[in-house]
Amino acid sequence: MAEWQKSACILCECNCGLEVQVADRRMLKIRGDKDHPSSAGYTCEKPLRLDKYNSNANRLTSPLRRTPDGEYEEISWETAFAEIAAKLKHVRETYGGDKIFHYGGSGQGGHTNAGYGYALMNLLGGRYKSNALAQEKTGEAFVDAVLFGSHSKGDFENAQVTLFIGKNPWQSHSFPRSRPTLKQMAADPDRTMIVMDPRKTETAAMADIHLQVKPGTDAWCLAAMIAVLFQEDLINHAWLAKHAVGLDEVRATFADLDVATYAARCGVDEELLRQASRAIAGTTAATTYEDLGTQMGPNSTLVSYLQKQLWLLTGNFGNKGSMFIHSWLAPLNSSTDVIRDEPYRPSRLERPLVAALDKLGLVARLLPWLGGTRLGGRIAAWFSRTALEIALPLVGPAVARDLLQRTFNDHRPLGDLTGVRTDREWFEKSFDRTPVSGATIVAGLIPGSAIVDEVNTDHPDRLRVLWIDATNPLHSLPGSQEFTKAMRSVELSVVVDIAMTETARQADYVLPSANQFERWENTFFNVEFPHNCFQLRKPLMEPLAGTKAEPEIYAELIRATGLVDQRVLDRLHRAAGISRETWLLTLFISMRTKPELMGMASYLAYETLGPVLPAGRQQTAPVYLFALSCAIFNRDSVTRAGFIGKGAAQGNALYEAIVDSPSGVVFTLDEWKHAFNYLRYPDRRFRLAFPLMLEEFGRLAEQPANDPRFPLVLSAGERRAFTANTIYRDPTWRRRDAEGALRISPQDAEELGVTADSRVRVVTANGAAESTVEITDTMLPGHISLPNGMGLDEADEHGVVRRVGVALNQLTDHRRRDPFLGTPWHKNVPARVEVLVEAPAARIAETTSART
Ligand SMILES: Nc1nc2c(c(=O)[nH]1)N[C@H]1C(S)=C(S)[C@@H](COP(=O)(O)OP(=O)(O)OC[C@H]3O[C@@H](n4cnc5c(=O)[nH]c(N)nc54)[C@H](O)[C@@H]3O)O[C@H]1N2
Ligand SMILES: Nc1nc2c(c(=O)[nH]1)N[C@H]1C(S)=C(S)[C@@H](COP(=O)(O)OP(=O)(O)OC[C@H]3O[C@@H](n4cnc5c(=O)[nH]c(N)nc54)[C@H](O)[C@@H]3O)O[C@H]1N2
Ligand code: SF4
Ligand SMILES: [Mo]
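Under our numbering, read the sequence shown as residues 1189 to 2040, first letter to last.
What follows is the structure, given as structure tokens:
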């Protein structure tokens, strides 16, 4: 019998630990891994069919090139690399490297690609990038940056009171062991679960309080809840006096609101909403979780701000069962964490040292040569170790920050916001904007909705290359029609994927990668506290024949460009042969003298440190750098987790533990009082007032009128038991809801003449699609909902392409988006439903002509 191997689920950000039996490349049996530090044996149903991800007939096995007639022909890897490298260099020379755009690295199961992809972009002078976070989380990250400068989350396992806003964790999970935790919450009479959601979701059905808001009206509900805190004097005065500033401005905005009017506007019973406020204020162990229901709807950024007031005004931070800020092994985007850090300016004391380092270019050249003799090698290793012991405590944070910011190409860091008035003027001048449409770039990401505006234009600064890796934007970004146009109009489009996706079907080149069980892989969704854990997964099998793992794809492509100085590579390679510290010191010094190398850290690690690591571990080389930077930023917490050592030794110890712990390791360990250490303001106080958002709140009444042609609100993208983004492409993985039915209320169904076995057409201003229906009283009248991840064009074993369910983003419009961060309003699409009574073809013609 095959042995159980450790891995993790790649279907959502929880990445629950798995044990897998593999034989003949098949994932025969899958179960939860009890040794995994956060999931502890738990899994939901979804990963049990991961073999359908792994063994799907749609796996790509050869690089493909698009022919003039839109077909694809197989080409060799050499040809692919040579042609793509030549085209990239042509664009760079003709229009500038900043016209090359990177989208991806954002999957639920693997984040290592991004490091290599960014290395390629940074080498070519690329400036613009994005991923799925820029259609969901950038608004919240922006608010977090101003209020406290990092990412917050809640301790749901121990919370006495929890508020879920536009979040259905029974289906979507997102925190460890979601379902057992929810069951415990529901079963305990002393704990209160509050759900704000127009739909009576599985989670809402378990809740003590269901605030069943009308779609898109959460801002009113939350404002009323804040007003109740002031009016009933439920705010935590003592806590606020110690830990926050800006209370007066918030009070002035919310204290006098008429709660009844706001409650009526969102359709929630006033007394219920008051109960919710009282529950949150009645404990210091309350948590909140906002997700797509509001992040992809009107007023999304404002809602993030209002939501955070609830836990801040009641002092629900830094206690067991409350909200916290946490460490990262490596931040998902460096700016969501270090956004407020100024570029490094050494103190008077440090200046000579840094100046010396800068002049040490010679050392970086000499050190590696010492490896030529045994004694020389010893001297070099000793020197490097000692130099790092002295230098890292002083300049380590600055170097690591520069490195992350350069790697992520994060544009302008916000700098220290202490004393800054974060109002409209500040907003207008503090962020970089996209070259064509002027969209705001936060966390280094172009808003997902704005990408097509940067391509589908004759503006001279338009993007000319779309580089797409481990993501399916033609399917997942709003307005698929516009994205198709963009793919076909750029000078070059390349898709790196394991399958022939909707996006790949429009690309100039498609590069087949090994999948996430065929290489070392990890995510950076490490967002827990007081224990934060990280799992590096070993490959379960060799790459499928014909594919290459991404590190290799990018390394070969980077070589094919001929743009990296071979002497630097040789030097680093030689240094690695002496000791890890020698490699590190050589890398740091090389980077200070050649800053362009900073954005290429993952590649340099793979290419030069990787080969001297124990056999089979080359791909883990970048993790060494992440472990090191984590130790540099979180020295005490990493020490508490059991990793000690001076200089680079602590990071090295952490790296070794990571590689040797297939179930994952706790990399930082804190006590609750340490939660405040993660606040980025030097005074460790929260900024309650955010003038830009307070001003925006004043405009809440100015809502656009409904279009009478589309009387219903469609939530396009509900997470259900059998949806998993587009990671599973084989539709047979679904045991229920095979076609992803449209959910509709009994009242709407009756009015429209829809019955349980009707087929309907959902029509929006942008398109139309057919669907089956599920009539359910979980839906509010006026609200309809379709699941995400459906509508894939998947070839069956005979090569016939079929589509099951609705491809949502043929219905959405990229222009309906948040005014600040450009996150699309997927959950709030004006729509109508027509019952299909005639032959479908005739009706489709009619809808097409009705489109304006
Ligand atoms: N099963 C499954 N789990 C997943 C995924 C998956 O594809 N399938 N995807 C993962 C990913 S990428 C993400 S980002 C998360 C997302 O996780 P969630 O955000 O929990 O998922 P959704 O179902 O998209 O949206 C949540 C809720 O928003 C509600 N909603 C709609 N309109 C409004 C509104 O106006 N106000 C409020 N308050 N609520 C509203 C919907 O009714 C829905 O219940 O899930 C992750 N987990
Ligand atoms: N209308 C609407 N649109 C939405 C949403 C919604 O609710 N409604 N939700 C949004 C959200 S929250 C998210 S997160 C996005 C998700 O949408 P995307 O960012 O497009 O991500 P996935 O659907 O997860 O696509 C993952 C891709 O990676 C490929 N892949 C898998 N393994 C590997 C690998 O090892 N290497 C490589 N190179 N590729 C691999 C898969 O084949 C697939 O093509 O969708 C967004 N779009
Ligand atoms: S889908 Fe999410 S919750 Fe379910 S097993 Fe996978 S990682 Fe865990
Ligand atoms: Mo997502």
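Even for Gly, the Cβ is constructed at its ideal location relative to N, Cα and C.
- Relative to ligand 1, the nearest heavy atom lies less than 6 Å away from the CB of Ile1353.
- By the Cβ-count criterion, Ser1340 is buried, with 16 or more other Cβ atoms from all chains shown falling within 10 Å of its own Cβ.
- Scanning its chain for C-beta atoms nearer than 7 Å, with the 5 sequence neighbours on each side dropped, one finds around Gln1296 the residues Ile1198, Leu1199, Cys1200, Glu1201, Asn1913 and Ile1915, in chain order.
- Contact holds between the stretch 1306-1319 and the stretch 1280-1287, because three or more Cβ pairs, one in each stretch, are under 8 Å apart.
- Bounds of the beta strand (DSSP E) holding Arg1991 are Val1989 to Val1992.
- Ala1695 is not a Cβ neighbour of Asn1301, given a cutoff of 7 Å.
- The beta carbon of Glu1883 sits no closer than 6 Å to any heavy atom of ligand 4.
- The beta-carbon separation of Ile1513 and Ala1863, rounded to 6 Å, stays under the 8 Å limit for a contact.
- Around the CB of Ile1578, fewer than 16 other CB atoms lie within 10 Å, so the residue is classed as exposed.
- Straight across, the Cα-Cα distance linking Leu1813 with Ser1849 is about 17 Å.
- Nearest to Leu1236 by C-alpha distance, out of Gly1955, Arg1922 and Ala1983, is Arg1922.
- For Ile1963, the enclosing beta strand (DSSP E) has its first and last residue at Ala1956 to Ile1963.
- In this structure, Arg1676 is the residue among Ile1963, Ser1360 and Arg1676 with its C-alpha nearest to the C-alpha of Pro1256.
- With contact defined as three or more Cβ pairs closer than 8 Å, the stretch 1420-1436 and the stretch 1871-1885 are in contact.
- A contact is defined here as three or more CB-CB pairs under 8 Å, and the stretch 1659-1669 meets this definition with respect to the stretch 1626-1642.
- Those residues placing their Cβ nearer than 6 Å to any heavy atom of ligand 3 are, following chain order, Cys1197, Leu1199, Cys1200, Cys1202, Asn1203, Cys1204, Thr1231, Cys1232, Lys1234, Pro1235 and His1361.
- Leaving aside the five residues that flank Cys1818 on each side, the residues in its chain whose CB is nearer than 8 Å to its CB run, in chain order, Ser1515, Trp1516, Leu1517, Ala1518, Val1826, Gly1839, Leu1842, Phe1855 and Thr1856.
- Separation of Met1967 and Gly1607 (C-alpha to C-alpha, rounded to the nearest whole angstrom) is 46 Å.
- In the three-state DSSP reduction, Glu1262 falls in the strand class (E or B).
- Annotated as proximal: Met1484 and His2014, with beta-carbon spacing under 7 Å.
- Asn1720 has Thr1856 as its beta-bridge partners, per DSSP.
- Counting along the chain, the unbroken alpha helix (DSSP H) around Pro1934 starts and ends at Pro1934 to Leu1940.
- Rounded to the nearest angstrom, the Cβ distance from Ala1307 to Met1786 is 10 Å, too far for a contact under 8 Å.
- For Leu1216, the closest C-alpha among the options Ala1228, Ser1227, Asn1242 and Ala1764 is that of Asn1242.
- For Gly1987 and Val1210, the gap between their C-alpha atoms comes out near 28 Å.
- In this structure, Gly1509 sits near Ala1473, with a CB-CB distance shorter than 7 Å.
- Within the DSSP secondary-structure output, Trp1655 pairs in a beta bridge with His1290 and Val1682.
- In this chain, the alpha helix (DSSP H) harbouring Arg1762 covers Gln1754 to Ile1766.
- In this chain, Pro1892 is not harboured by any beta strand (DSSP E), its DSSP state being neither H nor E.
- Within the stretch 1608-1667, the beta strand (DSSP E) runs of at least 3 residues that lie entirely inside it are, in chain order, 1653-1657.
- Just so you know, the alpha carbons of Glu1844 and Leu1592 end up roughly 21 Å apart.
- Look at His1398 here: in three-state DSSP terms it is strand.
- DSSP places Gln1419 inside the alpha helix (DSSP H), whose first and last residues are Asp1406 to Gln1419.
- Distances from the alpha-carbon of Gly2010 to those of Trp1192, Asn1319, Asp1286 and Glu1266 put Asn1319 closest.
- Cβ-Cβ distances below 8 Å link Ala1748 to Phe1269, Ala1270, Ile1272 and Ala1273 in the same chain, with the five nearest sequence neighbours on each side left out; the list follows chain order.
- Distance check between Leu1351 and each of Pro1368, Ile1397 and His1361 places Ile1397 closest, using alpha-carbon atoms only.
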